[in-house]
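Residue numbers (UniProt numbering): 18 to 450. Even glycine gets a Cβ: it sits at the ideal position worked out from N, Cα and C.
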Ligand code: PMP
């Protein structure tokens, strides 16, 4: 392999600009670059590698398929691997759910979910939320609440209505806390009720129970419950995008479980394929409006991904990794909150399980009436760079990239979390110099 780190910018776009390394080897939460430097990986393929790099459960599953003579690709024709995988995946849902393979990215899944909702309801409009992220294709991008990603692209899917998403630190109504949640709940309900008497009743509401790319924003339980109640009352399909938060990352198998709701359609990708491309919808049969072959696509039956995914699901349940995710996530956030007492630029620490966001602010500016300081995207970028220099890989999100995000593998240990905090602390102090 001839990759030289100074040539990477010409190799590929995007990530190498922020994380200029070429990875030669990886194991668990660690990656080694071509020059032998070891990095702690709190990016984990944007949450794809739930068990970390090269976990024996996934590598052995992939090797076993390769050595078995089983076909690698079968379109939708079943195999013992597919049967085992679908049975295991369905065991996390109520009995009245079926699966639909899409393929093979998260965006394919959110697109398919909307298409299904339109087919079922015969309606066109969709409600999505500020800060939400559902992919980069024309439909999924239309539902993504990030203006900079779409302002130069015309004719995205029409009929998307954005509504404010509750945000503990930056509630769009400026009320914060319980009052803010109550106001947004009221707003959502009334909007739908008005729509009911008008002409633009939506086919679907799509949301993440914890926004990831939007800056790690968990939705309050009460608000999610109201969204569930109102959508059910008006026969609007409630789609939960669990592409990032699913599979124990949030401290529960699915992030919507924190609100004790059951969605109509759940979009799953990333971790579900154990690091290989796979996307699946879980659909309440009531909304299963497609006739056979109503939704097709060539790459929906990746046997390697299903074998790896099956073992990821087994590992999560067998070793109670949702609980590890909860414990380690709480540890990280309590340490980060302690750090915020020393470093005022850590404006807000939030998340669930191993989805953690650290909002970087300029505390030298006046705080608003909620006590929140203006976000500081320049400092957030400097902290990410300093983390990289301290061999800690992480990503940013939120408006203007002001939220530093940790998406560690859910197998991470407390010792490794301590190392994350040590490197992050050093990086913050260096970025401030
Ligand atoms: N939904 C969510 C919540 C995501 O986080 C992402 C990817 N970050 C997607 C959808 C899109 O997935 P993909 O990049 O595989 O299309």
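Item to complete: Under the assumption that residue 400 contacts residue 445 (Cβ atoms under 8 Å), give the Cβ distance between them as a whole number of angstroms.
Response: With 8 Å as the limit, residue 400 and residue 445 qualify as a contact, their Cβ atoms being about 6 Å apart.
Worksheet item: Going by the C-beta, is residue 141 closer than 7 Å to any heavy atom of the ligand PMP?
Response: Every heavy atom of the ligand PMP is 7 Å or more from the Cβ of residue 141, so no.
Discussion item. Tell me the residue span of the alpha helix (DSSP H) that contains residue 323.
Written reply: 320-335
Discussion item. I need the straight-line Cα distance from residue 434 to residue 333, nearest angstrom please.
Written reply: 19 Å
Worksheet item: Do residue 373 and the ligand PMP come close, with the Cβ less than 7 Å from some heavy atom?
Response: no
Worksheet item: Cβ of residue 299 within 8 Å of Cβ of residue 283?
Response: yes
Worksheet entry | Among 415, 449, 441, the one whose alpha carbon lies nearest that of residue 457 | No answer is possible for residue 457: it lies beyond the span of the chain, which begins at 18 and ends at 450.
Discussion item. For residue 69, which residues in the same chain have their Cβ closer than 6 Å to its Cβ, ignoring the five residues on either side in sequence?
Written reply: If we look at residue 69 and ignore the five residues flanking it on each side, its Cβ neighbours are 45, 46, 426, 428.
Item to complete: Return the residue from the list 449, 447, 440 that minimises the CA-CA distance to residue 452.
Response: A query on residue 452 cannot be resolved here, the shown segment of the chain reaching from 18 to 450 and no further.
Worksheet entry | residue 434, enclosing alpha helix (DSSP H) - first and last residue | 431-448
Worksheet item: With C-beta atoms as the reference, is residue 227 less than 8 Å away from residue 369?
Response: yes
Discussion item. Check for me: the beta strand (DSSP E) holding residue 118 runs from which residue to which?
Written reply: Counted as a single uninterrupted DSSP element, the beta strand (DSSP E) harbouring residue 118 occupies residues 114-119.
Worksheet item: For residue 216, which residues of its own chain have a beta-carbon under 6 Å away from its beta-carbon, when the five flanking residues on both sides are left out?
Response: Because the pLDDT of residue 216 is 49, which lies under 50, any placement of that residue in the model is unreliable, and the number read from its coordinates should be weighed accordingly. Same-chain partners within the cutoff: there are none.
Worksheet item: If you draw a straight line from the alpha carbon of residue 251 to that of residue 221, how long is it in whole angstroms?
Response: Cα to Cα, residue 251 sits roughly 10 Å from residue 221.
Fill in: Start-to-end residues for the beta strand (DSSP E) that takes in residue 49
47-50
Worksheet item: Which of helix, strand or coil does DSSP assign to residue 296?
Response: strand
Item to complete: Write down the C-beta distance between residue 127 and residue 258 rounded to the nearest angstrom, noting that I regard them as a contact closer than 8 Å.
Response: 6 Å
Discussion item. As a quick check of your reading: which residues have a C-beta less than 6 Å from at least one non-hydrogen atom of the ligand PMP, in chain order?
Written reply: Taken from the N-terminal end onward, the list reads 63, 122, 123, 124, 127, 150, 151, 152, 225, 229, 230, 258, 260, 261, 286.
Discussion item. Let me confirm a value: residue 310 is counted as buried when at least 16 other C-beta atoms fall within 10 Å, else exposed. Which label applies?
Written reply: Around the beta carbon of residue 310, a 10 Å sphere encloses fewer than 16 other beta carbons of the protein chains shown; the residue is thus reported as exposed.
Worksheet entry | Where residue 426 sits in the DSSP three-state scheme | coil
Fill in: Cα-Cα separation, residue 181 to residue 230
16 Å
Practice prompt. Could you pull the start and end residues of the alpha helix (DSSP H) that residue 102 belongs to?
Written response: 97-107
Worksheet item: What is the C-beta distance between residue 151 and residue 138, in whole angstroms, given that I count them as a contact (C-beta under 8 Å)?
Response: By a beta-carbon distance limit of 8 Å, residue 151 does not contact residue 138. Their separation comes to about 19 Å.
Worksheet entry | Identified DSSP bridge partners for residue 228 | Under DSSP, residue 228 takes part in a beta bridge, and its partners are 234.
Worksheet item: Using the beta-carbon count (16 or more within 10 Å), is residue 53 buried or exposed?
Response: Residue burial is scored here from C-beta neighbours: residue 53 has fewer than 16 other C-beta atoms within 10 angstroms and is therefore classed as exposed.
Worksheet item: Do the stretch 311-320 and the stretch 72-79 meet, that is, are 3 or more Cβ pairs less than 8 Å apart?
Response: Cβ pair count under 8 Å is below three, so no.
Worksheet item: Quick one, are the C-beta atoms of residue 146 and residue 179 less than 8 Å apart?
Response: yes
Practice prompt. Report the partner residues of residue 386 according to the DSSP bridge assignment.
Written response: In the DSSP output, where bridge partners are listed per residue, residue 386 has none listed.
Worksheet item: Taking the C-alpha atoms as reference points, what is the distance between residue 246 and residue 273?
Response: When rounded, the distance between both Cα atoms is 14 Å.
Worksheet item: From which residue to which residue does the beta strand (DSSP E) around residue 44 run?
Response: 40-44
Worksheet item: How about the stretch 84-92 and the stretch 335-352: do they share at least three Cβ pairs that are nearer than 8 Å?
Response: no
Item to complete: Could you spell out where the alpha helix (DSSP H) holding residue 125 opens and where it closes?
Response: 123-138
Discussion item. Can you tell me whether residue 58 is helix, strand or coil according to DSSP?
Written reply: strand
Discussion item. Our contact map puts residue 164 next to residue 183 with C-beta atoms below 8 Å; I'd like the distance itself, whole angstroms only.
Written reply: Not a contact, Cβ separation roughly 20 Å.
Worksheet item: To which residues does DSSP link residue 247 through a beta bridge?
Response: Paired residue(s): none; residue 247 is not in a bridge.
Item to complete: Look at the Cβ atom of residue 265, then the Cβ atom of residue 403, and state whether they are nearer than 8 Å.
Response: no
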